[in-house]
């Protein structure tokens, strides 16, 4: 693809754009265009319009998918005279967005973001971490990355953890989890290590007694036909099935924890388009999946089948329907995570998903 273009949004503005199918801020009606920037330019409007804001995100756009005229024109009089900003003369399709990057100022204001090659691996690596950061009620820099805290669901370890993307000594990481998670009154310690370059950090944590799970990031093209057995549902329809499964896995979970584990998806739905899929038998939901749509990329999550309903192809039905739903929503790619050492990795591979990256989930 051509070099990406960027657009600054708040999480709420992006969620509204997902619902509408297009980015059409007030500036479109006021001046006739959507203001875009190159990575080298974007700090200028960010500092001018959003100084000190810590809730912004950058939409990373494929110029070839914008679908409306883009003209390079001067900005405001205080910008360098030679600088020309890309202006999109019409609504920008949400499907042109390949990733959403949280954008935070440094001590001296906003800086030009580092955007590597925008390939399937990058899109997978960005999506889940971006959703967690956008949904969080608190965020704190830590050695090697950032910590997220989500007040409404303290029982969700994934929404209250460290997101690490640079090598860091095991002892330092342990101290950071104690400082941030312990400081928030949480009893768990968890970090997600993003990228194959952190294999050494993951091995060091395992050697120090952490429970480390290696995950394979996988991706497949969106498309195909839905399965008629699968229907769109809402969060409350899936709660009974999920609660039964969580209680089988961890006997003795309190009702409050069970509620929070379901409520975490409602928290995410405020920043990403969460779709709920299910299969009913005799009026009861026996299989379910989530599809989180974030522009041109969708994340397939929580594909589950009740043990009593297995062997009927319901997992296949959910996956094929998720791929079709993502395509209908404008996505061209569906990503997921699978345990590197468990059978679902091979099962997804037989259904067209290929490896695009590695992450590790570390718990203590």
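In our numbering, the protein residues as written are 926 to 1289.
In this text, a Cβ means the ideal position worked out from N, Cα and C, and glycines have one as well.
All of these numbers come straight from a predicted model, not from anything done at the bench.
TODO: Identify every residue that forms a DSSP beta bridge with residue 1283.
DONE: Walking along the chain shown from the start, residue 1283 turns up at place 358. Under DSSP, residue 1283 takes part in a beta bridge, and its partners are 1141.
Task: Neighbour-count burial assignment, residue 1275, 16 or more Cβ in a 10 Å radius - done: Numbered from its first residue, the chain shown carries residue 1275 at position 350. Classification of residue 1275: exposed, given that the 10 Å Cβ count is below 16.
TODO: Write down the C-beta distance between residue 1098 and residue 1116 rounded to the nearest angstrom, noting that I regard them as a contact closer than 8 angstroms.
DONE: As a position in the chain shown, residue 1098 is number 173, starting the count at 1. As a position in the chain shown, residue 1116 is number 191, starting the count at 1. A Cβ-Cβ distance of about 6 angstroms is found for the pair residue 1098 and residue 1116, placing them in contact under the 8 angstroms criterion.
- [ ] Check residue 1275 in the structure and name its three-state DSSP category.
- [x] What you label residue 1275 is simply residue 350 of the chain shown in a count that begins at 1. Looking at residue 1275 - three-state DSSP - the assignment turns out to be coil, as it is neither helix nor strand.
Task: Buried/exposed call for residue 1233, threshold 16 Cβ in 10 Å - done: As a position in the chain shown, residue 1233 is number 308, starting the count at 1. Burial is judged here by how many other beta carbons sit within 10 angstroms of a residue's own beta carbon; residue 1233 has fewer than 16 and is exposed.
- [ ] Taking 8 angstroms as the cut-off, decide whether the C-beta atoms of residue 1170 and residue 1229 are in contact.
- [x] Position 245 of the chain shown holds residue 1170. Position 304 of the chain shown holds residue 1229. With contacts defined by Cβ atoms closer than 8 angstroms, residue 1170 and residue 1229 form a contacting pair.
- [ ] Please name the residue or residues paired with residue 962 in a DSSP beta bridge.
- [x] By 1-based counting over the chain shown, the position of residue 962 is 37. Among the bridge pairs identified by DSSP, residue 962 is matched with 931.
Task: Span separating the alpha-carbon of residue 1246 from that of residue 1191 - done: Translated into the one-based positions of the chain shown, residue 1246 becomes position 321. Translated into the one-based positions of the chain shown, residue 1191 becomes position 266. Looking at the two C-alpha atoms, the distance is approximately 21 angstroms.
Task: Exposure of residue 1299, with buried meaning 16 or more beta-carbon neighbours within 10 Å - done: Shown here, the chain extends from 926 to 1289; a query on residue 1299 therefore has no answer.
Task: Unbroken stretches of the alpha helix (DSSP H), 4 residues or longer, contained in the segment 1164–1252 - done: The alpha helix (DSSP H) runs of length 4 or more contained entirely in the segment 1164–1252 are, from start to end of the chain, 1180–1193.
Open item on the list: Let me make sure I understand the geometry here. Which of 1010, 976, 1039 has the alpha-carbon closest to that of residue 1032?
Closed with: On the chain shown, position 107 is the one that residue 1032 refers to. Selected option, being the one with the closest Cα: 976.
Open item on the list: Could you tell me the alpha carbon to alpha carbon distance between residue 1195 and residue 1059, rounded to whole angstroms?
Closed with: Your numbering for residue 1195 matches position 270 in the chain shown. Your numbering for residue 1059 matches position 134 in the chain shown. In this model, residue 1195 and residue 1059 are separated by some 9 angstroms (Cα to Cα).
- [ ] Taking only the alpha-carbon atoms, compute the straight-line gap between residue 1270 and residue 1145 and give it to the nearest angstrom.
- [x] Numbered from 1 along the chain shown, position 345 holds the residue referred to as residue 1270. Numbered from 1 along the chain shown, position 220 holds the residue referred to as residue 1145. In this structure, the alpha-carbon of residue 1270 lies about 13 angstroms from that of residue 1145.
- [ ] Grab me the residues of residue 1024's own chain with a C-beta within less than 6 angstroms of its C-beta, minus the 5 sequence neighbours each way, in chain order.
- [x] The count along the chain shown starts at 1 and reaches residue 1024 at position 99. Hits under 6 angstroms: 985, 1048, 1051.
Task: 8 angstroms Cβ cutoff met for residue 1223 and residue 1256 - done: Sequence index remark: in the chain shown, residue 1223 carries index 298 (1-based). Sequence index remark: in the chain shown, residue 1256 carries index 331 (1-based). Yes, these two residues count as a Cβ contact at 8 angstroms.
TODO: Run the CB neighbour count on residue 1181, radius 10 Å, all protein chains shown included, and call it buried at 16 or more, exposed below.
DONE: As a working note, residue 1181 is residue 256 in the chain shown. Flag for residue 1181 reads exposed.
Open item on the list: Just to confirm my understanding: we take residue 946, look at its own chain, exclude 5 residues before and 5 after, and list those with CB closer than 6 angstroms. What are they?
Closed with: Along the chain shown, one-based indexing puts residue 946 at 21. These residues qualify, in order along the chain: 1019.
Task: Which listed residue (933, 1010, 998) has its alpha carbon closest to that of residue 972 - done: Walking along the chain shown from the start, residue 972 turns up at place 47. The shortest C-alpha to C-alpha distance from residue 972 to any of 933, 1010, 998 is the one to 933.
Open item on the list: With H, G and I counted as helix, E and B as strand and the rest as coil, what does DSSP make of residue 1134?
Closed with: Here residue 1134 is taken as the residue at index 209 of the chain shown, counted from 1. Residue 1134 falls in the coil class under three-state DSSP.
Open item on the list: Can you give me the C-alpha to C-alpha distance between residue 1106 and residue 967, rounded to a whole angstrom?
Closed with: Position 181 of the chain shown, counted from the start, is the residue given in the question as residue 1106. Position 42 of the chain shown, counted from the start, is the residue given in the question as residue 967. About 33 angstroms.
TODO: Counting only the same chain and skipping the five closest in sequence on each side, list residues whose C-beta sits under 6 angstroms from that of residue 949.
DONE: Here the question's residue 949 lines up with position 24 in the chain shown. Result list for residue 949: 1016, in chain order.
TODO: Classify residue 1101 as buried or exposed, calling it buried when 16 or more other Cβ atoms lie within 10 Å of its own Cβ.
DONE: Against the chain shown, residue 1101 aligns to sequence position 176. Label assigned to residue 1101: buried.
- [ ] Look at the Cβ atom of residue 982, then the Cβ atom of residue 1027, and state whether they are nearer than 8 angstroms.
- [x] If you number the chain shown from 1, residue 982 lands on position 57. If you number the chain shown from 1, residue 1027 lands on position 102. A distance below 8 angstroms separates the beta carbons of residue 982 and residue 1027.
TODO: Indicate the three-state DSSP secondary structure (helix, strand or coil) for residue 1028 in the structure shown.
DONE: On the chain shown, position 103 is the one that residue 1028 refers to. Looking at residue 1028 - three-state DSSP - the assignment turns out to be strand.
Open item on the list: Taking 8 angstroms as the threshold (C-beta atoms), are residue 993 and residue 1014 in contact?
Closed with: In the chain shown, the residue the question calls residue 1014 occupies position 89. In the chain shown, the residue the question calls residue 993 occupies position 68. Between residue 1014 and residue 993, the C-beta spacing is below 8 angstroms.
- [ ] Have a look at residue 1272 and residue 1241 and give me their C-alpha separation to the nearest angstrom.
- [x] As a first step, residue 1272 must be located in the chain shown, where it is residue number 347. As a first step, residue 1241 must be located in the chain shown, where it is residue number 316. Computed Cα separation, rounded: 10 angstroms.
TODO: Determine the DSSP secondary structure at residue 1065, reduced to helix, strand or coil.
DONE: Counting from one through the chain shown, the residue named residue 1065 turns up at place 140. DSSP places residue 1065 in the strand class (E or B) of the three-state scheme.
- [ ] Evaluate residue 1079 with the Cβ neighbour count: other Cβ atoms within 10 Å of its Cβ, from every protein chain shown; 16 or more gives buried, anything less gives exposed.
- [x] Stepping through the chain shown from its first residue, residue 1079 is reached at position 154. In summary, residue 1079 is buried, with 16 or more beta-carbon neighbours lying within 10 Å of its beta-carbon over all protein chains present.
Task: 6 angstroms CB neighbourhood of residue 1261 in its chain, flanking five on each side removed - done: Locating residue 1261 in the chain shown gives position 336, counting from the first residue. Once the five neighbours on either side are set aside, the close Cβ partners of residue 1261 are 1143, 1225.
Task: Member of 935, 1006, 1029 whose CA lies at the smallest distance from the CA of residue 979 - done: Translated into positions along the chain shown, residue 979 becomes position 54. It is 1029 whose Cα lies nearest to the Cα of residue 979.
Open item on the list: Measuring alpha carbon to alpha carbon, tell me which residue in 1289, 1216, 998, 1248 is nearest residue 1159.
Closed with: Residue mapping note: residue 1159 aligns to position 234 of the chain shown, counting from 1. A check of alpha carbon separations from residue 1159 across 1289, 1216, 998, 1248 identifies 1216 as the nearest.
Open item on the list: Could you tell me the alpha carbon to alpha carbon distance between residue 1172 and residue 1035, rounded to whole angstroms?
Closed with: Translated into the one-based positions of the chain shown, residue 1172 becomes position 247. Translated into the one-based positions of the chain shown, residue 1035 becomes position 110. For residue 1172 and residue 1035, the gap between their C-alpha atoms comes out near 45 angstroms.
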